[in-house]
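Structure record follows, encoded as structure tokens.
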Amino acid sequence: MRSAEPVPDAAAVWDIATPAGPGPLPGVSMAGFRGRSADPVDLDIVPYPAVTVAVDLGDGLLAVDDGGGWRQNGSFVLGLAPGGVRGRGRDIDCLQVRLSPVVAHAVLGGAFAESNGTMVTLDDLWGREGTRTRERLHAAHAWEDRFAIVAAALVRRYETGRTIEPEVAFVWRKMVTNLGGVRVERLAAEVGWSRKRLWSRFRSQVGLNPKRAAQLVRFDHAAHRLAAGHSAARVAAEIGYADQSHLHRDVMAFAGVTPTAVAAAPWLAVDDIAWAAPAYLSRS
Numbered sequence: 012m013r014s015a016e017p018v019p020d021a022a023a024v025w026d027i028a029t030p031a032g033p034g035p036l037p038g039v040s041m042a043g044f045r046g047r048s049a050d051p052v053d054l055d056i057v058p059y060p061a062v063t064v065a066v067d068l069g070d071g072l073l074a075v076d077d078g079g080g081w082r083q084n085g086s087f088v089l090g091l092a093p094g095g096v097r098g099r100g101r102d103i104d105c106l107q108v109r110l111s112p113v114v115a116h117a118v119l120g121g122a123f124a125e126s127n128g129t130m131v132t133l134d135d136l137w138g139r140e141g142t143r144t145r146e147r148l149h150a151a152h153a154w155e156d157r158f159a160i161v162a163a164a165l166v167r168r169y170e171t172g173r174t175i176e177p178e179v180a181f182v183w184r185k186m187v188t189n190l191g192g193v194r195v196e197r198l199a200a201e202v203g204w205s206r207k208r209l210w211s212r213f214r215s216q217v218g219l220n221p222k223r224a225a226q227l228v229r230f231d232h233a234a235h236r237l238a239a240g241h242s243a244a245r246v247a248a249e250i251g252y253a254d255q256s257h258l259h260r261d262v263m264a265f266a267g268v269t270p271t272a273v274a275a276a277p278w279l280a281v282d283d284i285a286w287a288a289p290a291y292l293s294r295s
């Protein structure tokens with residue numbers, strides 16, 4: 012969950028916990044967030060190249076609206092490009108998991124990608140197991156215990172789930188390795204598929220079509236480069252945008268703000284603390 016809301020020193024609003032070491036599955040990152048603001052916090056959730064699972068461990072004061080009139084209180088799962096999703100909460104206590112789409116397909120089930128990556132509940136995807144997992148997380152108090160519970164649940168689901176097709180996984184890794192700067196036709200040729208077949212199979216298993224997925228990976232890299240102090244012109248030139256206007260359009264489309272605003276966005280400071288090893292960069 013990223014907040015694009017320009018609140019002062021967003022990183023200072025949260026107590027953030029991360030696992031002590033790498034988890035048992037590649038392509039998975041976890042972090043715990045506990046709000047330290049007395050006032051409600053507004054969260055415009057910015058697309059990220061991973062599927063997000065958020066488990067509300069507080070008093071149910073976190074509400075998320077998908078922009079289409081559907082509101083979920085508490086825990087939820089979001090796909091790669093949840094446009095228009097906005098959250099609001101007070102005294103938030105939340106565990107978040109970011110899953111590479113390669114892992115998410117097995118852990119959450121192919122039905123999630125086929126749902127267009129819209130917001131759903133964990134219970135919708137996992138049924139009684141989702142309920143039991145949430146109950147165990149609520150009963151645990153130490154973050155390391157909570158991370159261990161989630162890791163065990165993910166491993167169980169991954170071992171029994173249906174893995175993504177090797178060709179789709181290969182294409183995703185190519186997108187990540189090249190920071191989104193790849194042509195769909197070339198990727199299709201590399202795996203021996205037609206462009207149409209790659210488009211269809213990738214879309215059904217990842218939740219976005221290949222072109223949009225590549226744009227999302229590139230946008231995320233651009234956002235972090237901008238936050239690191241690089242100029243928009245330099246970022247556009249170095250990571251494959253046609254020009255600065257092209258960068259501007261992509262940033263506006265994904266984040267809803269200008270590159271200048273992204274460069275000062277406090278939500279990226281939270282990213283650096285919570286997600287030092289991005290899930291989507293995993294080779295999984």
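Residue numbers (the numbering used here): 12 to 295.
Beta carbons: idealized from backbone N, C-alpha and C, even for Gly.
Within the segment 143 to 219, the complete alpha helix (DSSP H) runs of at least 4 residues fall at 154 to 171, 177 to 188, 195 to 202 and 206 to 217.
Three or more pairs of CB atoms, one per stretch, sit closer than 8 angstroms, so the segment 208 to 227 contacts the segment 178 to 190. Taking the Cα positions, L119 is about 13 angstroms away from M130. Minimum Cα-Cα distance from H259 among the listed residues A243, R139 and G172 corresponds to A243. In this structure R197 is exposed. Its beta-carbon is surrounded by fewer than 16 other beta-carbon atoms within 10 angstroms. CA-to-CA, the gap between L136 and F123 works out to about 7 angstroms.
For the pair of segments examined, the segment 232 to 249 was found not to touch the segment 135 to 154: the number of CB pairs separated by less than 8 angstroms stays below three.
Here S111 is buried: its Cβ has 16 or more other Cβ atoms, across all protein chains shown, within 10 Å. Only buried fits G46, as 16 or more other CB atoms lie within 10 angstroms of its CB. Distances from the alpha-carbon of T271 to those of P33, Q255, Y59 and A28 put Q255 closest. Linking W210 to E178 through their CA atoms gives a straight-line distance of about 12 angstroms.
Ranked by Cα distance from Y169, the first of R143, A275 and V39 is V39. Of all alpha-carbon atoms in G203, A65, T144 and F158, the one lying nearest the alpha-carbon of L36 is that of F158.
Check the Cα spacing between D67 and each of L237, Y252, R236 and L148: the tightest is with L148. G267 and A61 have their alpha carbons spaced roughly 19 angstroms apart. Assignment of A253 by DSSP, reduced to helix, strand and coil, places it in the coil class.
Annotation for R208: A199 place their beta carbon closer than 8 angstroms to its own, counting only its chain and skipping 5 residues before and after. It is roughly 30 angstroms from the alpha-carbon of A274 to the alpha-carbon of P33. For V118, no beta strand (DSSP E) encloses it; the enclosing alpha helix (DSSP H) starts and ends at P112 to L119.
Around A164, the same chain offers T144 as residues with beta carbons nearer than 6 angstroms, after the five sequence neighbours per side are excluded.
Here I56 is buried. Its C-beta has 16 or more other C-beta atoms within 10 Å. Counting the other CB atoms within 10 Å of its CB gives R173 a total below 16, which places it among the exposed residues. In this structure, DSSP gives A234 a helical state, which the three-state scheme calls helix.
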